[in-house]
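This report concerns only the one structure given below.
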Amino acid sequence: MSFDTIVRMLKTQVDFKESEIVHTFTSEDQKPVLSVIYHFDTETFLLTYIETQRIEKFTNIIKLADIIEQYLNQQPQEV
Numbered sequence: 225m226s227f228d229t230i231v232r233m234l235k236t237q238v239d240f241k242e243s244e245i246v247h248t249f250t251s252e253d254q255k256p257v258l259s260v261i262y263h264f265d266t267e268t269f270l271l272t273y274i275e276t277q278r279i280e281k282f283t284n285i286i287k288l289a290d291i292i293e294q295y296l297n298q299q300p301q302e303v
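In this text, residue positions in the sequence shown follow our numbering: the first is 225, and each later residue adds one.
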């Protein structure tokens, strides 16, 4: 998934802030690895690493998109 696509997805969450949109990102083998939700009351994105359930908070879309892109690129490629 391209960086621009990730940014566009995150901006959609902000644009529709009164709706609960959860984006789930998958590895090459379609296993869910990350999810992102946006809390409009705090203007914060919550990034969840599905395997560990670790949550990180972000307010900057570009920084969050960069982290998502890097993480997805580290996932094992399908053989």
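Every residue, glycine too, gets a C-beta built ideally from N, C-alpha and C.
In this structure, does DSSP put Thr266 in helix, strand or coil?
Here residue 266 refers to the residue found at position 42 when the sequence shown is read from its first residue. It is coil, neither helix nor strand.
So, Thr272 versus Ser259, is the Cβ gap smaller than 7 Å?
Against the sequence shown, residue 272 aligns to sequence position 48. Against the sequence shown, residue 259 aligns to sequence position 35. Yes, the Cβ-Cβ distance between Thr272 and Ser259 is below 7 Å.
Please return the same chain residues whose Cβ sits closer than 7 Å to the Cβ of Gln294, not counting the five positions on each side in sequence.
Translated into the one-based positions of the sequence shown, residue 294 becomes position 70. The answer is none, since no qualifying residue turns up.
Expected contact under 8 Å - CB spacing of Ile245 and Thr236 to nearest Å:
Working through the sequence shown from its first residue, we reach residue 245 at position 21. Working through the sequence shown from its first residue, we reach residue 236 at position 12. Correct: roughly 7 Å between the Cβ atoms.
State buried or exposed for Ile279, treating a residue as buried only when at least 16 other CB atoms are found within 10 Å of its CB.
On the sequence shown, position 55 is the one that residue 279 refers to. Exposed: under 16 other Cβ atoms inside 10 Å.
Using a Cβ-Cβ cutoff of less than 7 Å, which residues in the same chain neighbour Val238 once the five nearest sequence positions on both sides are dropped?
Reading the sequence shown from its first residue, position 14 is the one you call residue 238. Taken in chain order, the residues that qualify are Tyr262.
For Thr250, which beta-bridge partners are listed by DSSP?
For the purposes of this step, residue 250 is identified with residue 26 of the sequence shown, where counting begins at 1. Per DSSP, Pro256.
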